[in-house]
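Below you'll find the structure, written out as structure tokens, and then a few comments.
Residue numbers (my numbering): 324 to 455.
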């Protein structure tokens, strides 16, 4: 991360003992240094990456839900084209496979971070059965 252009001024005023609420605010904005800060940054990135893995499964399941509803509407339609239905069923099953993959990736990611109890993932992110 690049240093702010005003860091030298803040360091100089701090060493001179200058007191100002503006200086305090700027000092709070300076990136902290040291191993504990690096460890905190690593933990924040790990949490952020885990959140992105969860986002991926949520998006996959949302798309799967939308495709399932479209398939249900098509089934209720009297003038449903068999070719269109077959194409939508194939798309649904591909999206289902993508959701299963995203769920597996979330499980692996959680296990890599030390979360050993992942049995509840199937309840939190239910994958519907294949359509025919």
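Ideal Cβ positions, reconstructed from N, Cα and C, are used throughout, including at glycine.
- Cβ contact annotation for residue 398 (same chain, cutoff 8 Å, sequence separation greater than five): 408, in chain order.
- One Cα belongs to residue 391, the other to residue 379, and the distance between them is close to 18 Å.
- Residue 432 and residue 405 have their C-alpha atoms some 40 Å from each other.
- Contact annotation: residue 413 and residue 387 have beta-carbon atoms that are not nearer than 7 Å.
- Around residue 430, the same chain offers 441 and 444 as residues with beta carbons nearer than 8 Å, after the five sequence neighbours per side are excluded.
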